[in-house]
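In our numbering, the protein residues as written are 844 to 1477.
What follows is a single structure, written as structure tokens, with notes after it.
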Amino acid sequence: MSALRVWRELHAEAREWQRESWEKFCDILPDDLRDLVGTRQGEGRVAVYGNTQVGKTTVMLRLLGIRETDMERVGNVLRGGRGLGRSATAVATEYQRSVDDYWHVDAPEMGHSPGDSLNDDDTEKCLKELRIRMEAGKFDAQARPIIVHIPCGSFEEGSAPMNLLDLPGVGALGEREASWAARIASRYLPLMDLVLLVGRADDLSDFHPETVAQSSGHKAMRYWTSFSDKFGLVLTHVAQSASIQQRIRRHDGPLSVDQLRRHVREEHAGDASVFDFPENARIYPLDLGDSWAKLAERQPDIRAKTENCFKQMIRDLRRDIELAADPDRRSSILLKIKQPLAEKRHALQTEMKEVQTAYHERTTKRRQDIASLACERETLHDHINSLYKPPLQPTRSTVATNTLDTAYNCYDRKSSRNKDEESSLLTYLVKSKQKIREAVNKVQTEAELQSIPCDIIESYETAIMDCLKKIKDEYPGFIRNLFPGSDRNKYKKLADNTVKEAWTQVTHATAKFIEEIDRAEAAKIQNEIAEARFRAVSLEYDVATIEREIQAIETGCEEKVRRLKAEIDYVDQAKNYADKYHAHARQAFCRQVRAQVEAMCAEPNHSVKFLRVMAVLHAIQGFEKLSCPADGGC
């Protein structure tokens, strides 16, 4: 046995722990999570997922190795008669190379088997009918992917066989199509060994973790940036950007793959509208198809500096696809998963605490508002009750009436006239007029304060003038002779009657005014009661509104906390499975190393013994490499 053969066998044995631990790990998973880590063995499964009009079909055809001259024809067939700018992929579709120069569609639901040989028109018609069935709800989202075999004559010479799974795009039109696309994506994305997210280099919004999780219908997709081994970012139309072109032109010679990737990172650095590229993210900047051909023709300097770079990027992408099912790669996904899971759990717990703190602050503030409104409501109720009680102090209308009566009664007509003093009746009337005017002015002031029309003074003036005119007409010598002679008592009596008559007219006017005041006072009280009641009802409404707001805040908080707890449980579940995989891997590794050491000790051939030592060291090195974080700490 040659040393090379011995080494190959020993190398395979040294990695046997990976296969064993992988098998045991798959056995402990529940059915709904078993496929999440990919296949147990065999070739890797690779999915292509992205929006419409981003060059997804061109990328797939280039990766499959389709000839440049056949790209347009094959692309038109695969679109199934669907126009540009619309999602062409109806269901999960896997593309493979045909064994002959015919198309073959493996779709039992459509009555097509791999043995049917189809031309371009037949295949396009088949895919069109498939979309019609999907739109009519006659296709099961859980069914296995259909397989489209592309004629082998459409492939380049020497291109390696490759299988790609095309998923309905995130740019689906209509609620039904979008829902269908999400169901398909949530069914197949977790099963893939490698997922290629395809989008334009100048618009990364579709790749935001929350957007991907929502459009794909799978909550685990919000963590895709933490798993660079499982997800690749294919950025198309990269050379169409004017700023990227400026960066390219600053180079003296052709760009390398690393330089182009660095330019793309720098282009989006600090852009708050997109997510941050992880340091170890798989980024594949490309420019293909008609847009690239037109740009290369217009700007040959850009073509000269990037053409080889794009070709190398395609080769790198093909190599990564071929390695999708590599045991080292699969093991590394699970052995390195604990750190991002722990970080994600910490972030979720922090967010949950922030949500609960914000909820407590908002509800406390609103409950304080309710307490303040309750105090105001009690004050209003007390005010309303006080308005219904009789006033302890006399009202202004009562004060005005008493003032008028007092002014009349206090004017003692007998004491105001001195018998020995020669005074005229006119003087008596004038003094009476002054006293009454003083009282009437006070009533008039109350009227003005309450905006009530009052003509008491006018009524009094009219009454006095009427009396004086009457005296003058009946007794012509009244003013000239100042009432001399034996008629003095008669004139005094006449003067008293005149004042009394004038006062009677004033009293009637005042009574009318007081009635208006009483009505105004009552109306004012009723208005105050109505306003107070309205405010009380308004306060009740405000309190009810705030209580509903608090209820909505509580409901929103509970929903957020429930969602965050579910995510934490999901992360804990994934971490638990990762811990179990670590345990299985370590146990399998120790058994494998122990067996190798025992075989090494029993090996009589020194050359083989040396090779066994090297195999053990290689296995240890491989285990440490896979189980250590990217920063080098174990």
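From the three backbone atoms N, C-alpha and C, an ideal C-beta is built for every residue, glycine too.
> For SER1229, is the classification buried or exposed, using 16 other Cβ atoms within 10 angstroms of its Cβ as the cut-off for buried?
Replying inline: The residue given as residue 1229 occupies position 386 in the sequence shown. Here SER1229 is exposed. Its C-beta has fewer than 16 other C-beta atoms within 10 Å.
> Any idea if THR901 is buried or exposed, counting beta-carbon neighbours within 10 angstroms, 16 or more meaning buried?
Replying inline: Within the sequence shown, residue 901 is the residue found at index 58, counting from 1. It counts as buried.
> What's the gap between the Cα of PRO1004 and the Cα of ARG1162?
Replying inline: Mapped onto the sequence shown, residue 1004 falls at position 161. Mapped onto the sequence shown, residue 1162 falls at position 319. Annotation: PRO1004 to ARG1162 spans about 12 Å, alpha carbon to alpha carbon.
> What whole-angstrom Cβ distance do THR966 and VAL948 have, given they're in contact under 8 Å?
Replying inline: By one-based count along the sequence shown, residue 966 stands at place 123. By one-based count along the sequence shown, residue 948 stands at place 105. 6 Å between Cβ atoms; contact.
> According to DSSP, what are the bridge partners of PHE1070?
Replying inline: As a position in the sequence shown, residue 1070 is number 227, starting the count at 1. PHE1070 is not bridged to any residue.
>> Taking the straight line between their C-alpha atoms, what separation do you get for ARG1220 and LEU1382?
In response: Counting from 1 along the sequence shown, the entry for residue 1220 is found at position 377. Counting from 1 along the sequence shown, the entry for residue 1382 is found at position 539. Linking ARG1220 to LEU1382 through their CA atoms gives a straight-line distance of about 7 Å.
> Which whole-angstrom value is the C-beta distance of THR936 and ILE989, which I expect to be below 8 Å?
Replying inline: Residue numbering aside, residue 936 sits at position 93 when the sequence shown is read from its first letter. Residue numbering aside, residue 989 sits at position 146 when the sequence shown is read from its first letter. A Cβ-Cβ distance of about 5 Å is found for the pair THR936 and ILE989, placing them in contact under the 8 Å criterion.
> On the three-state DSSP scale, how would you describe LEU904?
Replying inline: Walking along the sequence shown from the start, residue 904 turns up at place 61. LEU904 falls in the helix class under three-state DSSP.
> With C-beta atoms as the reference, is LEU1078 less than 8 Å away from TYR1127?
Replying inline: Here the question's residue 1078 lines up with position 235 in the sequence shown. Here the question's residue 1127 lines up with position 284 in the sequence shown. For LEU1078 and TYR1127, yes; Cβs fall inside 8 Å.
> Nearest to ASP1212 by alpha carbon, out of PRO994, ALA1387 and ASN962?
Replying inline: Locating residue 1212 in the sequence shown gives position 369, where the first residue counts as 1. Closest option to ASP1212, judged by alpha-carbon separation, among PRO994, ALA1387 and ASN962: ALA1387.
>> Along the chain, where does the beta strand (DSSP E) containing LEU973 start, and where does it finish?
In response: On the sequence shown, position 130 is the one that residue 973 refers to. Where LEU973 is concerned, there is no enclosing beta strand (DSSP E), although the alpha helix (DSSP H) around it starts and stops at 963 to 978.
> From the DSSP output, which residues share a beta bridge with TRP946?
Replying inline: Position 103 of the sequence shown, counted from the first residue, corresponds to residue 946. In the DSSP secondary-structure assignment, TRP946 is bridged to LEU961.
> Hey, is ALA1003 close to the ligand MN, as in C-beta under 7 Å from one of its heavy atoms?
Replying inline: Questions concerning the ligand MN fall outside what the structure shown contains, since it holds no ligand whatsoever.
> What residue from ARG1026, TRP946 and GLU1364 has the CA that sits closest to PRO994's CA?
Replying inline: Here residue 994 is taken as the residue at index 151 of the sequence shown, counted from 1. Of the candidates ARG1026, TRP946 and GLU1364, the one whose C-alpha sits nearest the C-alpha of PRO994 is TRP946.
> So, helix, strand or coil for GLU937, using DSSP?
Replying inline: Numbered from 1 along the sequence shown, position 94 holds the residue referred to as residue 937. In the three-state DSSP reduction, GLU937 falls in the strand class (E or B).
> Exposed or buried, ILE1368, counting other C-beta atoms within 10 Å across all chains shown (16 or more means buried)?
Replying inline: Within the sequence shown, residue 1368 is the residue found at index 525, counting from 1. Of the other Cβ atoms in all chains shown, fewer than 16 fall within 10 Å of the Cβ of ILE1368; this residue is therefore exposed.
> Quick one: what's ILE990 bridged to in DSSP?
Replying inline: The residue given as residue 990 occupies position 147 in the sequence shown. Beta-bridge pairing links ILE990 to GLU937 and ASP949.
> Where ASN1370 and LYS1196 are concerned, what is the direct C-alpha to C-alpha distance, given to the nearest angstrom?
Replying inline: The residue you call residue 1370 lines up with position 527 of the sequence shown. The residue you call residue 1196 lines up with position 353 of the sequence shown. The straight-line gap from Cα to Cα measures roughly 51 Å.
>> If you follow the beta strand (DSSP E) that ILE1126 is in, where does it begin and where does it stop?
In response: One-based indexing of the sequence shown puts residue 1126 at position 283. Unbroken beta strand (DSSP E) run through ILE1126: 1125 to 1128.
>> With H, G and I counted as helix, E and B as strand and the rest as coil, what does DSSP make of ASN1094?
In response: Stepping through the sequence shown from its first residue, residue 1094 is reached at position 251. Just to set this straight, residue 1094 is His in the shown sequence, not Asn. Coil, per DSSP.
> Cα separation between ALA1139 and ASP1130?
Replying inline: To locate residue 1139, count along the sequence shown from 1; it is residue 296. To locate residue 1130, count along the sequence shown from 1; it is residue 287. Roughly 10 Å between the two C-alpha positions.
>> Does THR895 come out as helix, strand or coil in the three-state DSSP assignment?
In response: Within the sequence shown, the letter at position 52 stands for residue 895. Looking at THR895 - three-state DSSP - the assignment turns out to be coil, as it is neither helix nor strand.
> Any chance the segment 1027 to 1045 sits against the segment 1060 to 1075, with 3 or more Cβ pairs inside 8 Å?
Replying inline: As far as the Cβ criterion goes, the segment 1027 to 1045 touches the segment 1060 to 1075, which means the pair count is three or higher.
> If you draw a straight line from the alpha carbon of ILE1227 to that of LYS1208, how long is it in whole angstroms?
Replying inline: The sequence position of residue 1227 within the sequence shown is 384, counting from 1. The sequence position of residue 1208 within the sequence shown is 365, counting from 1. For ILE1227 and LYS1208, the distance between alpha carbons rounds to 29 Å.
>> Report the CB separation of VAL1100 from ASP1144 in whole angstroms; it is logged as a contact under 8 Å.
In response: Along the sequence shown, one-based indexing puts residue 1100 at 257. Along the sequence shown, one-based indexing puts residue 1144 at 301. With a Cβ gap of about 19 Å, VAL1100 and ASP1144 do not count as contacting.
>> Using the Cβ count rule (16 or more neighbours within 10 Å means buried), how would you classify ALA1028?
In response: Residue mapping note: residue 1028 aligns to position 185 of the sequence shown, counting from 1. Around the beta carbon of ALA1028, a 10 Å sphere encloses 16 or more other beta carbons of the protein chains shown; the residue is thus reported as buried.
> Between GLU1265 and the rest of its own chain, which residues show a CB-CB distance below 7 Å, the 5 nearest in sequence each way excluded?
Replying inline: Counted from its first residue, the sequence shown places residue 1265 at position 422. For GLU1265, the predicted structure reports a pLDDT of 37, less than 50, and the residue's modelled location is therefore unreliable. The matter cannot be settled from this model.
> Which partner residues does LEU1007 have in the DSSP bridge list?
Replying inline: Start at 1 with the first residue of the sequence shown, and residue 1007 comes out as number 164. Paired residue(s): TYR938.
> For SER1259, does the three-state DSSP call read helix, strand or coil?
Replying inline: Your numbering for residue 1259 matches position 416 in the sequence shown. Confidence at SER1259 is low in this model, with a pLDDT of 43, below 50, so its placement is unreliable and no value can be given for it.
> When you compare only the Cα positions, how much space is there between HIS955 and MET1156?
Replying inline: Residue 955 sits at position 112 when you count from the first residue of the sequence shown. Residue 1156 sits at position 313 when you count from the first residue of the sequence shown. Approximately 36 Å, taken between the alpha carbons.
> Which residue from HIS1224, ALA1431 and GLN1430 puts its Cα closest to that of GLU1374?
Replying inline: For the purposes of this step, residue 1374 is taken as residue 531 along the sequence shown, with counting starting at 1. Checked all of HIS1224, ALA1431 and GLN1430; the closest Cα to GLU1374 is HIS1224.
> For LEU1160, which of helix, strand or coil comes out of DSSP?
Replying inline: The sequence position of residue 1160 within the sequence shown is 317, counting from 1. It is helical.
> What is the rounded straight-line gap between the Cα of GLY1132 and the Cα of ARG1093?
Replying inline: As a working mapping, residue 1132 is identified with position 289 in the sequence shown. As a working mapping, residue 1093 is identified with position 250 in the sequence shown. Using only the alpha carbons, I get a separation of about 25 Å.
> Under the three-state reduction of DSSP, which class applies to LEU1037: helix, strand or coil?
Replying inline: Looking up residue 1037 in the sequence shown gives position 194. Correct three-state label for LEU1037: strand.
> Would you call LYS899 buried or exposed, if buried means 16 or more other Cβ atoms sit within 10 Å of its Cβ?
Replying inline: Position 56 of the sequence shown, counting from 1, holds the residue named residue 899. Counting Cβ neighbours within 10 Å, LYS899 comes out buried, since at least 16 surround it.
> Given LYS1408, which residues of its chain have a CB within under 6 Å of its CB, disregarding the five upstream and five downstream residues?
Replying inline: Taking the first residue of the sequence shown as position 1, residue 1408 is located at position 565. Excluding residues up to 5 positions away in sequence, nothing lies with its Cβ nearer than 6 Å to the Cβ of LYS1408 in the same chain.
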